Amino acid sequence: MDTPANENEKIWMKVKSSSGIEELVPRLVDVQSAKNSKNRLKYRCCLLFLLLLLIGLILLAILLPIYLLKHKTSITINNSTTSSSSITTATPQITCIYPNVYNNLTKTCVNILIDSNNCGQINNKCSLNMSCSAGICVDVPGILLNNSKTIFSSSVNGSADDQMFNVTLPWPITIYNRTTNIVIVTTDGVLCLDACSTIYTETNLPSNVFPGVTIFPYWDDLYIYSNTSQGIYYQSDGNNPNRLLTFEFYMSHYQLPREYYHFQVLFFENSSNIVQVKYFQVSDRGSTCTIGVQASSTGPFISYSYDQENSIDPNTSIIFNTNLGTFNKTSFES
1 MDTPANENEK IWMKVKSSSG IEELVPRLVD VQSAKNSKNR LKYRCCLLFL LLLLIGLILL
61 AILLPIYLLK HKTSITINNS TTSSSSITTA TPQITCIYPN VYNNLTKTCV NILIDSNNCG
121 QINNKCSLNM SCSAGICVDV PGILLNNSKT IFSSSVNGSA DDQMFNVTLP WPITIYNRTT
181 NIVIVTTDGV LCLDACSTIY TETNLPSNVF PGVTIFPYWD DLYIYSNTSQ GIYYQSDGNN
241 PNRLLTFEFY MSHYQLPREY YHFQVLFFEN SSNIVQVKYF QVSDRGSTCT IGVQASSTGP
301 FISYSYDQEN SIDPNTSIIF NTNLGTFNKT SFES
């Protein structure tokens, strides 16, 4: 069969007759039907394309948010890590008031004017047998409490003579069955649970100038000299109900700056009516002071000494038991 020739809507076909003669025979073709069939094919192709495009858009709508979410999470984690590191390193969680400075290693505030491990600046340690005074390592006595609160500090407040200060305690103390969370300390070596006085001339006990419960760890004409680590400090240690409250007095004598009087007064949460005094330096060995406790100006009282020479030595501890009205003297190693 040969290739047909198109003419209008007829197609002429060359065929051989039974006798072998070639003839052109017309054959009618439905052109419109062919066109419709072609159009249907185009429509189906377009429909398939649109369907595939729709499926692609749906998959893109599903997968793109997942990809973006993973990418965003990764960035957030990185930023969070960087931010957290920055906060930990550069921004303390505790607000420290000078001379207290934030120590990132211990996560606490340290007093750089008296702390021998952070003297003048963080991690500047004074050598053995030296202390930190006014932010400088010196060969004079220093404060022993390592996380104390300041009642009066000569490096900040200057000198002090015959002064007293109210102190609100973190928990109440009891002496002679008098319980309070407010005490008064004086620069003359006295601690009062009631009304107090700045009388500096010591007397025998009971003293009529102190009307209430009073502790006399070293009642004398003491003096705090400026630009030193001298002062009065306190610190609470331990957990309820076994906490320890320590007051630390460090000062000299009036007009005798090279005499040192350094002692602590300790209260025990689990031992009411008992107070301990520990002495580290006592230049005159008790020859011009009163040591003891009293409940009022008329007693009862416990007197350890009054202007008695060599009555108290460094590294001496005295425990006053106001339940029994007794004291117990011992020595300790520095």
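1 is the number of the first residue of the sequence shown in UniProt numbering; add one for each residue after it. Glycine residues also receive a C-beta, built at the ideal position from the N, C-alpha and C atoms. Only a predicted model underlies this, so the values are computations on that prediction, with no experimental measurement involved.
For tryptophan 219, tell me which candidate among Tyr43, Gly212, Val190, Ser131 has the shortest Cα-Cα distance. Val190
According to the neighbour-count rule (16 or more other Cβ atoms, all chains shown, within 10 Å of its Cβ), is leucine 113 buried or exposed? buried
Roughly how many angstroms lie between the CA atoms of histidine 262 and valine 156, to the nearest whole one? 19 Å
What first and last residue would you give for the beta strand (DSSP E) that runs through serine 153? 149-153
For the candidate residues Ile224, His253, Cys192, whose alpha-carbon lies nearest to that of alanine 295? Cys192
According to DSSP, is isoleucine 169 part of a helix, a strand, or is it coil? For the sequence presented, residue 169 should be read as leucine rather than isoleucine. Correct three-state label for leucine 169: strand.
Per DSSP, what kind of secondary structure is residue 336 in: helix, strand or coil? Coverage of the chain is limited to positions 1 through 334, which leaves residue 336 absent and any answer about it impossible.
Could you tell me the distance, in whole angstroms, from the CA atom of aspartate 284 to the CA atom of threonine 330? 19 Å
Measuring alpha carbon to alpha carbon, tell me which residue in Leu256, Asp139, Gly238 is nearest asparagine 270. Gly238
Helix, strand or coil for asparagine 39, going by three-state DSSP, please let me know. helix
Cβ pair phenylalanine 280, serine 334 closer than 9 Å: yes
Please determine whether the Cβ atom of asparagine 321 lies at a distance below 8 Å from any heavy atom of the ligand FAD. The ligand FAD is not part of this structure, which contains no ligands at all.
Report the start-end ranges of each alpha helix (DSSP H) in the region 168-241 that is 4 residues or longer and not cut off at the edges. none
In whole angstroms, what is the alpha-carbon distance linking tyrosine 260 and isoleucine 143? 12 Å
Note down, in chain order, each residue of its chain lying with its Cβ closer than 7 Å to the Cβ of isoleucine 224, except the 5 sequence neighbours on either side. Phe152, Ser154, Ser159, Ala160, Thr187, Gln230, Gly231, Met251
Coarse secondary structure for threonine 73, derived from DSSP in three states: Note that threonine 73 scores a pLDDT of 41, beneath 50, so its modelled location is shaky and nothing firm can be said.
On the criterion of 16 or more Cβ atoms from any shown chain inside 10 Å, does asparagine 208 qualify as buried, or is it exposed? exposed
Cβ neighbours of arginine 243 in the same chain (closer than 7 Å, five flanking residues each side left out): Trp171, Ser236, Asp237, Glu269
Contacting residues, own chain, Cβ-Cβ under 6 Å from serine 148 (five flanking each side not counted): Tyr233, Gln235
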